[in-house]
Structure formats: C-alpha cells, structure tokens
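Undergrad:
Residue numbers (our numbering), protein chains in the order written: chain A, 1 to 119; chain B, 1001 to 1113.
1) Give the secondary structure of residue 31/A by DSSP, where H, G and I count as helix, E and B as strand, and everything else as coil.
2) Would residue 1096/B and residue 1039/B qualify as a contact pair, given that the criterion is a beta-carbon distance under 8 Å?
3) In terms of residues, what are the limits of the beta strand (DSSP E) holding residue 96/A?
4) On a CA-only basis, which of 112/A, 114/A, 31/A and 100/A is nearest residue 70/A? Give me that one, please.
5) According to DSSP, is residue 71/A helix, strand or coil?
6) Within this structure, are the beta carbons of residue 83/A and residue 13/A separated by less than 8 Å?
7) Of the residues 102/A, 118/A and 114/A, which one's Cα is nearest the Cα of residue 57/A?
8) Return yes when the Cβ of residue 1035/B is within less than 8 Å of the Cβ of residue 1055/B, no when it is not.
9) Please state whether the Cβ-Cβ distance between residue 1015/B and residue 1083/B is less than 8 Å.
10) Under a three-way DSSP split, which group does residue 51/A fall into?
11) How many angstroms separate the CA atom of residue 1080/B from the CA atom of residue 99/A?
12) Suppose you measure from the CA of residue 1013/B to the CA of residue 109/A; what does that come to, to the nearest Å?
13) Spell out a yes or no on whether the segment 111–119 of chain A and the segment 1061–1073 of chain B are touching, meaning 3 or more CB-CB pairs, one atom from each, closer than 8 Å.
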C-alpha cells in the first residue's frame, strides 16, 4: 500500500515536498519511483531511487529542480520540488519497482497527490 | 528517445465483444538479456493506473484472463476477449527495456458503445 501526501497549490518558482508512505511490504528492499500525470494527459516517469538510496535518476524535464529521497526509518519516499513551473501541474503518483527488476517497474501505485502551480 | 505510439486513441466497443489496442515503438524493445519489457496499464475513471501485463504477455496477479498481451520487437497488442463494463478506462503501454528512461504510450480510451 502506498499513500501520497503533500500536494497543493504553489506559485511559480516555489517549492513543495511530496511524501509517499509505504506499508505492507519491506520498504528497504525495493526501488521506488515517482510518475506524474498532467490534467487530461498521459503518464510521465519523473524519478527513481534505488532500494538503498545510493542511485537516483531523473527525467530531463525535472533534472536539477527535483530531488528524490527516502527514509527507511519511517518507510517514506519523498520528492522535493523546487523552481516549480506551470507545466509541473499534475497528479503525482509514487510507484514501486519489483524486487531488483527495474525493467518491469510500476507494479504497485499509490492514489496520487495533486500539485497545482499557478498564481 | 523511445516513442510508443498507440492506436486507436479512442475505442468504442460493444459489451461482450473483443477489443484490441496496438502499441508501436520507434526502437526495438528486446533487451540485451533477450527479454522484452513491454507492459500494459489500465486506468479506470478517477483511479490510479494498475498494471495488467508485463514482459509482453505475463498477467499480473488478479488480472482476468480476458486480458492478453502479445507481440515482439517493436509491435505489440493488448487484447480483451470479451469487454465488460468494468473495462472502461484508458489503457497505456510502457517500455522498460531502456530504463531509467521509461516511456509510456499516449493512451487509448476504451468506452462502451
């Protein structure tokens, strides 16, 4: 089970931190990702972090502005977002990667948290 | 970049009839390990996406056997043998062969006639 939170309305240029609380599986064993969906649009992968946090990757659209991290003590995934732009407006989902199987990612999804960037 | 193109983008279907969605990739999705990593996701109205199929044809746990995936190389298909009302939603293909640059198709909206 994955439960996202932290979304909301933010002004362009602002920052926001999203959280994803994991339960029902051994969080420390799995890589985790963020995927977003702009209103009425398709799915876009945003970022991934390895099971131990040592490796991270970002889509070009967010590189240098977003930071993915995880806290194993409370089974939570984070996405720190800076320099937000209108085109970052989207529903943000966290999704799990099967054990060591990045190519078959996104086997479990959260319900999403909405981020709106607007004045 | 790997681009996945789905067709059709809209698919009106009659209850009980079959449905088919195509997904074409600009690049081969055969991994160096010989496997092909093409998945299909269902997103019902107002819900999160749910994975149905992975590695072209493997069904996820709990997915009805009405759903099947096939294809190879750059051409893939999701088939629903007999459409039910519960199948309404948008379906996405996704490639994982070239991770971490995962990419999704644009989506195909399935609706009942």
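Heads up, the beta-carbon is just placed ideally off N, CA and C, and yes, glycines get one too.
TA: This is what the structure gives:
1) coil
2) yes
3) 90–96
4) 31/A
5) strand
6) yes
7) 102/A
8) yes
9) yes
10) coil
11) 29 Å
12) 27 Å
13) no
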